[in-house]
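Residue numbers (the numbering used here), protein chains in the order written: chain P, 694 to 793; chain X, 22 to 188.
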């Protein structure tokens, strides 16, 4: 078993890559996938800390994060479909109805 | 041996995470993301959490990603390479770098000073990870578990209403 810090550094790297993806991409589905990547990086931190502290609260929390991610996926993808029906595109730059 | 395995998995995880961000076609991004999820499941196995690994593969790599790939297929987005990336790549790289530095600093420098819990590696192997998680979830976390069901119900109703033709 590796030590705690190596898991934390992997988690930090994955989270940063997810951040860069959210900031650079225009496709809403890819942005959504990058958010999932960030959620997973946090999950890895939770599990690593939980394992090293000998406490299962973190892993139960990961379970709830996965539930929230599933709900988020269902609602988010429905939103994308509704947006695509209106605009014929899922670029986030086309979501400018409220832009002044 | 395990360090080598860890390094290989880390390499694959980070490369596929970079591919998620850089691929032009959303389907390729989705497949790379599935690869990352499998690497994370491997980490969970190495952290003595096999139940979390199974849930990761089934819920994330199975359910959520299938939903995403279906949506990508349903929308049938045309890939035009001209305007895929916004022009703020350098700015985003700087932000991402500072996020990494910040996270790494906080995670390294923070000393976890709480008392450790009762679950050791031997206990997990002896009793079983799923049973321990189940006991924890249905005793200490019973109320959040019940609230989760309401969340899922709301998500189902919301998805059905949003996907209708006329909102």
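Here a beta-carbon is modelled for each residue, glycine too, at the ideal position from N, C-alpha and C. Remember, predicted model here, so these are calculated numbers, not experimental data.
- A straight line joining the alpha-carbon of residue 94 of chain X with that of residue 716 of chain P spans about 24 Å.
- Shown here for residue 30 of chain X: same chain residues with a beta carbon closer than 6 Å to its own, the five before and five after excluded, namely 60, 63 in chain order.
- The beta carbon of residue 737 of chain P lies closer than 8 Å to those of 700, 703, 704, 707 in the same chain, with the five residues before and after it left out.
- Going by beta carbons, residue 143 of chain X and residue 744 of chain P fall outside the 9 Å limit.
- Scanning P:726, P:713, P:711 for the CA closest to the CA of residue 89 of chain X turns up P:726.
- Under DSSP, the beta-bridge partners assigned to residue 784 of chain P are P:720.
- The shortest C-alpha to C-alpha distance from residue 80 of chain X to any of P:729, P:751, P:711, P:785 is the one to P:729.
- One thing to note: residue 721 of chain P has its Cβ within 9 Å of the Cβ of residue 785 of chain P.
- Residues of the region 711-740 of chain P whose Cβ lies closer than 8 Å to any Cβ of chain X, in chain order: 711, 712, 713, 714, 716, 717, 718, 719, 720, 722, 723, 725, 726, 727, 729, 730, 733, 736, 737, 738, 740.
- By the Cβ criterion, the region 71-78 of chain X is not in contact with the region 44-52 of chain X, since fewer than three pairs of Cβ atoms, one from each stretch, lie closer than 8 Å.
- For residue 143 of chain X, the enclosing alpha helix (DSSP H) begins and ends at 142-148.
- Residue contact check for residue 84 of chain X against chain P: a CB pair falls below 9 Å.
- Residue contact check for residue 748 of chain P against chain X: a CB pair falls below 9 Å.
- In the three-state DSSP reduction, residue 137 of chain X falls in the coil class, being neither helix nor strand.
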